[in-house]
Structure formats: C-alpha cells, structure tokens
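Chemist: Under the UniProt record's numbering, residues 1 to 444 are what the sequence shown spells out, in order.
Quick reminder that beta carbons are idealized off the backbone N, C-alpha and C, glycines included.
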Amino acid sequence: MHERSRSEPFLPDMLTGGLVAAPLLLAYVVLPLLDMGSTLGWIPSMELTAFQGWPWLALSGGGLVVALATGKTVPERGRSVRTLLALLAGAALALGALFLMMPRVQGPFFSRERFWLTLLPQLAPLAYLFLAGLWLHTFGAPGRRWFHTLGAVLGALVLAETVRSGMAPGLSLSSGVLLDPEGRAVRAFLLAVALLVPLDAQSRVRTNPDARELLIVAGLLACHVASALVVAGAAYLLLGRRNLGARLGVALACVMVVVLPLQSGSVNALGERVQMYMTWLAGVEAFSSDPSALLTGFGPGPLDLQLPESTAVLLGMPDMRFTLPPQAIPSFWMRMTLVWGALPGLLLLLTGVGLTALASGRAVAALMTLAMGMGLVSPLLYSGSVAMVLCLAAGHAWRAARDATSDQNADQNAEHQGDESGKTVESPAQSPLPDETESNQSTQ
C-alpha cells in the first residue's frame, strides 16, 4: 500500500491542483477587477472597509475548511469531528470577514478608533506571511505556468486601462483605475514577479519571448514604477536566457520609461517622488532626534514627524511638523522601522538573504532583489497581494533551484561512478586471465 510522504500535500491531487493557484487568481485577476468595479461605481468601494485584507482572510478560511474536511490522514472515526471543526472554523472566519468588510456593522456598536483596529493593519505582514506559509505547507507552490498566464491577464488589464484613461478627457496615461500610486506599485510588483519566476526554467537554447511574456512586459512598462522597472529589466537582461536582442530591448525599454518622465518634468512623477522623499527625510529626522526608537519604534499609532529645517525651507513649508498615520508612509522598510523598530526588518532581511544563499537560484536572487528594491518605495508585505504572491513565488523558485541542484549532483555522481566502473573494468585486463595462467603453467 502506498503511503503518503511528508512532503506531499494531504489533499487529493485534483483538489490541490485547483486550489494551489487560488491566491494567484485572487491577486492577479479578481482584486484588479474588483478595484475597477468599485472605482467605476459598479460595486461598493472596498476602501471604506476596516481591514482591506479581508479577501485574503476569506480565502484562507476557505482553504482551512477544505483542508480540515478532506484530510486523507484522518482516521474513519475522527472524520465527523474534523468536519464539525471545519464548519465551525468556516463560520467563524466568515463572520470575521463580514465584520471587517462591512463598515456599517461597526458604526453604532464598535469604535473605529479602538487600539486593535489601529494595531491590526500594522500586523498585516506577520499575518500574511503566516497565511502564505500555511498555504504552501497545505497545497504546495503553484507552477510557473500559473504565474506566466495570470501575469499576462493582468498585463492585458493594465494595458486596457491605460488605453481607456488615455482616451478619456482630462486623464493622463498613468491615472487610470488600476494605476493610482499605491495600486500601480502593487501591479508592477506582481508583473515583475510573473516575469522573473520562469528564469530558472528558461532553456539554454536562445528563444524569443512568447505572447504572454510580451503582455507582462507591456503591462510592467505601463505601470511606470521605477524600482520595479530597474530591477526587472536588469534581472531579465543578466539572468535570462532569451535572445540577447530581446533581453536588450526589454532592458532599454525599462530604462527609457524611467528616464523620460524625469527629463520631461512630469508633474505626477515629481509629486509622487516628493512625497516619498519627504517621508524618508522625516523618518530619518525622527530617529536622529530619538535614537532609542531604533530599538523600540514609535508604536502603531499616528506618528508625529518633522522635516529637517533646510528641506522645509526648500519646499516652502512654514510648519515643519506634521502628523501621519503609518499607512500614509509609502516605504515598507521605513514604515516597519518607525512602528516596530529596526530589529524586525533586519531579521526579515537576513532571513531572505540566507534563503537566497542556500537556494543559489537565479529566480530566487531576482525575487529577493525585487523585494528589497520595491520595499523602499512601496508597502510590499503590507499588501496582501504582494505578500502572498511573493511567498508563493519564492516557494516555487526555491523548489526549482533545489531540484536543479539535486539533478546536477545526481549527474555528477553518475559520471563519477561511471569513471570508477571504467577503471575497475580495465584493471583486470592488465593482469593475466585465469585461463592464460593455467596454460602458461601447463606449458612450463
């Protein structure tokens, strides 16, 4: 009788194959469509909810219910208990998601200024990493084709929205529904991940990019996010195995999209960069005024910040002091450091670097570099789409790199054993055969 290994997911293969890519489908297709529908007035806005990560809570609850209800290793007598637990867990998570997605339920009974509602968004990275780890352990990592296909769908959506916003009067090409400042960074990260995940699987034979890859690149260019363009373009050029002309074309297109808005002095691009620089300078000024906060942070509440005097004079701001909620700080690394101190970010960074060194894969290195760069200018793990997709992509790239290393070691061992067997076959030929020895003795 075949026994399930520990590394196998404990769900049926058909069910696992359908659920393994559910987070990717939610991040690449469902949430962008919901954003478009809410902004265009087709469905209620999601921005009014108390916790915008409720779709991921709902997805995790559904995965938990399925995992509890269909576990293969459950004894016959324990299945009814496990099914009951699955129903209770599903009901609790459904009520929690309903509470978090409907602000009217909170109005007369629950105060939105309560500490746990302030704390909950700042714990989002920990919650998303935990949920992603559970998903990987239960269902496994999706294959690269899922990233490639769904990335192409998102690229097509971004291109369609870019064309629509460009044709609408009074809108620029970068002001569409999917291309607001925070949404643009999230879409750019997802598209860059879809472009970089297949690096380890690309054939050594120089081939041209397929249609899906071109859609991903086009959508990435339309997002106009400099950090994603620089990292993705450099990784595609240096680590990819496509034709050199195709790789050079993608890299040059990324550079042009980054440089041209700076030369033309685009108001939108400069305004977003000024906001980014202001929050970074204010954060550095806060730590210089109170160095002990590097260990403890300032807490999850509103942050009292101030700009350096020279910067305030340059910007024409008479009052250097201002108060911001942590959610208003675009940079993941600065926001985490201001709220919790430098130790959590340093631990996360060292963990990522260590895993990258152990995996020694091109896709893992590219994803790590992308996360570090995008964390400087985007919320990164504070976004459920980014956190879940990054963890699933890292799991896939880690597995691909480890499998490639195992195959390489197996080939080397086979060659070594072949060399040793060749030596053992040749060595008896140098000594007389038994028949020859007997014939020589009889002759003597």
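Using the beta-carbon count (16 or more within 10 Å), is GLU113 buried or exposed?
Modeler: Your numbering for residue 113 matches position 113 in the sequence shown. With a pLDDT of only 47 at GLU113, under the threshold of 50, the placement of this residue in the model should not be trusted, and no figure is reported.
Chemist: Do you know offhand how far LEU131's Cα is from ALA58's?
Modeler: Position 131 of the sequence shown, counted from the start, is the residue given in the question as residue 131. Position 58 of the sequence shown, counted from the start, is the residue given in the question as residue 58. So the two alpha carbons sit approximately 11 Å from each other.
Chemist: Give me the DSSP bridge partner(s) of THR207.
Modeler: Along the sequence shown, read from residue 1 onward, the residue named residue 207 stands at position 207. The partner list for THR207 (beta bridge, DSSP) reads ARG242.
Chemist: Whose C-alpha, out of LEU248, ARG187, MET334, LEU305, is nearest the C-alpha of MET320?
Modeler: The count along the sequence shown starts at 1 and reaches residue 320 at position 320. Selected option, being the one with the closest Cα: LEU305.
Chemist: Do you know how far the Cα of LEU229 is from the Cα of LEU199?
Modeler: Within the sequence shown, the letter at position 199 stands for residue 199. Within the sequence shown, the letter at position 229 stands for residue 229. Straight-line Cα distance between these residues: approximately 16 Å.
Chemist: Hey, VAL231 and GLY373 are a contact pair by Cβ (cut 8 Å); roughly how many whole angstroms apart?
Modeler: Counted from its first residue, the sequence shown places residue 231 at position 231. Counted from its first residue, the sequence shown places residue 373 at position 373. Going by Cβ atoms, the distance from VAL231 to GLY373 rounds to 5 Å, so yes, they are a contact pair.
Chemist: Let me know if ALA328 comes out buried or exposed under the rule of 16 or more other beta-carbons within 10 Å of its beta-carbon.
Modeler: In the sequence shown, counting from the first residue as 1, residue 328 sits at position 328. Exposed: under 16 other Cβ atoms inside 10 Å.
Chemist: According to DSSP, simplified to helix, strand and coil, what is PHE298?
Modeler: Translated into the one-based positions of the sequence shown, residue 298 becomes position 298. Coil.
Chemist: Look at the alpha carbon of GLY240 and the alpha carbon of ARG247, and state the distance between them as a whole number of angstroms.
Modeler: Taking the sequence shown and counting its residues from 1, the one referred to as residue 240 is at position 240. Taking the sequence shown and counting its residues from 1, the one referred to as residue 247 is at position 247. Each residue's alpha carbon lies about 7 Å from the other.
Chemist: By DSSP, does LEU376 sit in helix, in strand, or in coil?
Modeler: In the sequence shown, the residue the question calls residue 376 occupies position 376. Of the three classes helix, strand and coil, the one that applies to LEU376 here is coil, per DSSP.
Chemist: Any idea if TYR277 is buried or exposed, counting beta-carbon neighbours within 10 angstroms, 16 or more meaning buried?
Modeler: Residue 277 sits at position 277 when you count from the first residue of the sequence shown. Looking at its Cβ environment, which holds fewer than 16 other Cβ atoms inside 10 Å, TYR277 is exposed.
Chemist: For the putative contact between THR162 and GLY63, defined by C-beta atoms under 8 Å, what is the C-beta separation to the nearest angstrom?
Modeler: As a working mapping, residue 162 is identified with position 162 in the sequence shown. As a working mapping, residue 63 is identified with position 63 in the sequence shown. That pair is no contact at about 34 Å.
Chemist: Please report how far the alpha carbon of HIS396 lies from the alpha carbon of LEU136, in whole angstroms.
Modeler: Position 396 of the sequence shown, counting from 1, holds the residue named residue 396. Position 136 of the sequence shown, counting from 1, holds the residue named residue 136. Whole-angstrom Cα-Cα distance: 9 Å.
Chemist: With DSSP collapsed to three states, give me the class of ALA304.
Modeler: Translated into the one-based positions of the sequence shown, residue 304 becomes position 304. With the sequence shown as reference, residue 304 is identified as Asp, and Ala is not the correct amino acid for it. Three-state DSSP puts ASP304 in a strand.
Chemist: Report the residue from PRO121, ALA400, LEU380, PRO379 whose alpha carbon sits nearest the alpha carbon of ALA363.
Modeler: Sequence index remark: in the sequence shown, residue 363 carries index 363 (1-based). Nearest of PRO121, ALA400, LEU380, PRO379 to ALA363, Cα basis: ALA400.
Chemist: With three or more C-beta pairs closer than 8 Å as the rule, is the region 208-219 touching the region 344-357?
Modeler: Verdict: no, contact absent.
Chemist: Exposed or buried, what is SER111 when buried is set at 16 or more other beta-carbons lying within 10 Å of its beta-carbon?
Modeler: Here residue 111 is taken as the residue at index 111 of the sequence shown, counted from 1. With a pLDDT of 48 at SER111, under the threshold of 50, the modelled position of this residue cannot be trusted; read the value that follows with caution. Answer is exposed; the Cβ neighbour count stays below 16.
Chemist: So what's LEU324 in DSSP terms, helix, strand or just coil?
Modeler: Within the sequence shown, numbered from 1, the residue matching residue 324 stands at position 324. Strand, per DSSP.
Chemist: Among VAL225, PRO23, MET368, which one has its Cα closest to the Cα of ALA141?
Modeler: As a working note, residue 141 is residue 141 in the sequence shown. The candidate whose alpha carbon is nearest that of ALA141 is PRO23.
Chemist: Measure the CB-CB distance between PRO302 and PRO325 and report whether it falls below 9 Å.
Modeler: Stepping through the sequence shown from its first residue, residue 302 is reached at position 302. Stepping through the sequence shown from its first residue, residue 325 is reached at position 325. Contact: yes.
Chemist: Hey, out of LEU220, ARG242, GLY283, VAL284, whose CA is closest to VAL255's CA?
Modeler: As a position in the sequence shown, residue 255 is number 255, starting the count at 1. Measuring from the Cα of VAL255, the nearest candidate turns out to be LEU220.
Chemist: With a CB to CB cut of under 6 Å and the five nearest residues on each side skipped, what residues in its chain are close to ALA387?
Modeler: Taking the first residue of the sequence shown as 1, we reach residue 387 at position 387. Excluding residues within five positions, the ones whose Cβ falls inside 6 Å are TYR128, LEU381.
Chemist: In angstroms, rounded to a whole number, what distance separates the CA positions of MET36 and LEU19?
Modeler: Within the sequence shown, numbered from 1, the residue matching residue 36 stands at position 36. Within the sequence shown, numbered from 1, the residue matching residue 19 stands at position 19. Distance between the alpha carbons of MET36 and LEU19 is about 25 Å.
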